[in-house]
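Protein sequences, first through last, are from chains A and B. By the count of my numbering, the first sequence reaches residue 116 at its end, each step adding exactly one. By the count of my numbering, the second sequence reaches residue 113 at its end, each step adding exactly one. We put the CB at the ideal spot given by N, CA and C, even for glycine.
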Amino acid sequence: DGGITQSPKYLFRKEGQNVTLSCEQNLNHDAMYWYRQDPGQGLRLIYYSQIVNDFQKGDIAEGYSVSREKKESFPLTVTSAQKNPTAFYLCASSPGPGIANGHGYTFGSGTRLTVV
Amino acid sequence: DQQVKQNSPSLSVQEGRISILNCDYTNSMFDYFLWYKKYPAEGPTFLISISSIKDKNEDGRFTVFLNKSAKHLSLHIVPSQPGDSAVYFCAASAWERAGKSTFGDGTTLTVKP
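So, in structure tokens, the structure goes:
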């Protein structure tokens, strides 16, 4: 079955530590996205990538970094500079920006990050 | 500035009746609108979309209506089923934003048996 795999499902981080969230897709999608969800709020875009070796900042990129060395993988690093990292993180993909508009994203099941 | 707003945090309906979820937007550049359904601790699932050149799109029990002059869209679910109980997110996308979607805060739908 094709889909997006996010790991781990739950992650605990000490203050001051960097942590990397994994996102892998086998859908052969070009575009990948990272969103953050806080309780009672919608999804806010952190970073996105439309093609391998290229990525762009979203609306709340400060304190985060990404890489896109392979089409299948789009890991997100939450750095110690992120002031409020506790949240639910969602990775998504789409065939491409134009197609995405009609067909929507495919989301992973999310990673819940808690800073302790 | 929140460009996509879902003003009702929650909605409760009886099984078999119609559920109407509403969404307002402010950016006239949006050219696609989408609805997603989300269960707790899971990622959202794409439900239905509508292009800005249309005013209605139907898929089974789900129909989305778009009123461009009012910058308003709604999702109708008929008949509502208990399995429809979830959080519904409205999202909007613009070609000039490279397909990135902006999401509303969601509406929690509860369908009572």
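Looking at the DSSP output, K5(B) shares a beta bridge with D24(B). Spatial neighbours of G104(A) in its own chain (CB-CB distance under 8 Å, excluding positions within 5 residues in sequence) are listed in chain order as S94. The DSSP-derived three-state label of H103(A) is helix. The three-state secondary structure of D84(B), taken from DSSP, is helix. Using a Cβ-Cβ cut-off of 7 Å, F107(A) counts as an interface residue toward chain B, since at least one Cβ of chain B sits closer than that to its own. When only Cα atoms are considered, G63(A) and I46(A) end up about 10 Å apart. Beta-bridge analysis with DSSP links I51(A) to D54(A). Contiguous beta strand (DSSP E) elements confined to the stretch 9 to 70 of chain B occur at 10 to 14, 19 to 25, 32 to 38, 45 to 51, 56 to 59 and 62 to 67, taking only those with 3 or more residues. Close to chain B, meaning a Cβ-Cβ distance shorter than 9 Å, are the following residues of the stretch 48 to 65 of chain A: Y48, Q50, Q56, G58 and D59. One Cα belongs to H72(B), the other to E58(B), and the distance between them is close to 17 Å.
When beta bridges are read from the DSSP output, Q25(A) appears opposite I4(A).
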